Every structure is written in C-alpha cells, then in structure tokens.
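Beneath this line is the structure, given in structure tokens, with notes to follow.
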Amino acid sequence: MSTTKTIFSGFGGQGVLMMGYVLATSAMHENKHVTYLPAYGAEVRGGTANCTITISDDPIASPVASFPDYGVLMNTPSLTKFEGSIRAGGLVFLNDDLVDVRPSRTDIEVVNIPVNTIADGLGSLRSANMVMIGAFVKKTGLVALETVINSVKDIFAAKGADIHERNTAAIREGAAFIEKPIHG
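Residue numbering for the sequence shown follows our numbering, beginning at 124 and increasing consecutively.
This is the structure in structure tokens:
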C-alpha cells in the first residue's frame, strides 16, 4: 500500500468527519500509521466540513495531503471545492443523491453511489455516511470491511446494540452496492 491520502467532504451534519475517524481508527486497528486532520467550515452554519486521512505502512512525515488519492464528496459544493485537488488517476466517490453535477476531469475515476436512497431504504437517512464508508472500503480495500464494522461498534459502544445493528446494515449495504454489476 505504501501511503494513501483521502479527503472526505460534505456539509456539516452529514457525518464526513465520522467517516474519516472510522477509516483512521480502522487503519490503526490494522497496525497502520495514520493521520486524521479535520477541518470545519465554521464561517457558515451548515458549511462544508472535511477531513484528510493519510494511511501508510511507514511513519508519516506530514499530515498534509496536497493531492489525495481518493475523494469522498457528499455534496455539490464539496465536488466543486476538491475535484481539482485529487491526483490524476485518483478515485472520487460521489453521493449521487446530492451531487447534481459531474466532474469535468477525465483523468479520475468516479463512483456514483445513491447513499441517501440506500440509507432511507434502511430506515435512517442518518446512516448515509455508513453506507458511503462501506462502499468506499469495499472499492479501495484500504482496510477490511470487518475491521470497519468492529471499529464502528467500538466507537458507538455507548449508543447501544440497535445503533450497531443499523450501522452494520448500512456498511454492508454500501459494500453490496459496489459488488453489484453496473449496467450502462
């Protein structure tokens, strides 16, 4: 793996910082070196929140991710802001329910996932971030899906078994979406 960098971005309340935290925690559980750098869009209520996660087999010299390998973009303003920073050949995951434009770049791969629709089908829009992290991990293989599920269980332990079951179902549905063949 060497070193990979991921940016998660969306508006406040979408759980983008939690997605980054889950990825970082999962990578630590797999004995990888990790940095987690959150940024809040405090200038506007509901403004953009984002975080950058760097995962490496070796010690990380700097948490700054100038050209991330992956972008997980939960809304249109996030695509507008971060599309240009993803490295050529990188992979961008879009919340297809809230991103109403498509990237203009042709040198990145785009994965459109209707995370809100999937989460709503599971009974909770609040699970959209867990759907996305499941899809992201399944597609990238940065960490094992079961490690993510166990990390989420630990992170939300105080919330109870019903939250764990909902999060697990959402993570698995996101992963299942990636496994389905895509028809053009």
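Even for Gly, the Cβ is constructed at its ideal location relative to N, Cα and C.
Quantities reported herein were computed from a predicted structural model and do not represent experimental measurements.
Mark residue i as exposed unless 16 or more other C-beta atoms lie within 10 angstroms of its C-beta, in which case mark it buried.
i	result
Glu-117	The question about residue 117 has no answer here: the residues shown for the chain are numbered 124 through 307.
Asp-192	buried
Asn-239	buried
His-306	Note on His-306: pLDDT 43, under 50, position unreliable in the model; the coordinate value appears next. Exposed is the call here.
Thr-148	buried
Gly-213	buried
Ala-281	exposed
Ser-125	exposed
Thr-270	buried
Gly-283	exposed
Gly-136	exposed
Phe-190	exposed
For my contact list, residue i and residue j are in at a C-beta cut-off of 8 Å; report their separation, rounded to the angstrom.
i	j	result
Ile-176	Leu-146	5 Å
Ala-188	Lys-276	About 28 Å; that fails the 8 Å criterion.
Lys-204	Ile-178	About 22 Å separates the two Cβ atoms, so there is no contact after all.
Asn-235	Asp-219	4 Å
Ile-130	Asn-173	6 Å
Lys-261	Glu-302	7 Å
Please say whether residue j and residue i have beta carbons closer to each other than 8 Å?
i	j	result
Val-215	Leu-196	yes
Val-254	Gly-297	yes
Ala-267	Phe-300	no
Tyr-144	Tyr-163	no
Val-157	Ala-150	yes
Ser-132	Ser-227	no
Ile-294	Ile-272	yes
Asn-252	Met-142	yes
Along the chain, where does the alpha helix (DSSP H) containing residue i start, and where does it finish?
i	result
Phe-259	251 to 263
Pro-200	199 to 205
Phe-300	284 to 302
Ser-274	268 to 278
Over the uninterrupted beta strand (DSSP E) stretch that includes residue i, give me the two end residues.
i	result
Ile-241	Careful: Ile-241 lies outside any beta strand (DSSP E), inside the alpha helix (DSSP H) at 238 to 244.
Thr-126	126 to 134
Ser-185	Neither: Ser-185 is in no beta strand (DSSP E) and is coded neither H nor E.
Tyr-193	193 to 196
Asn-154	First-last for Asn-154: undefined, no H or E at that position.
Ala-172	171 to 179
Val-217	Strictly speaking, residue 217 in this sequence is Leu, with Val absent from that position. Start and end: 214 to 218.
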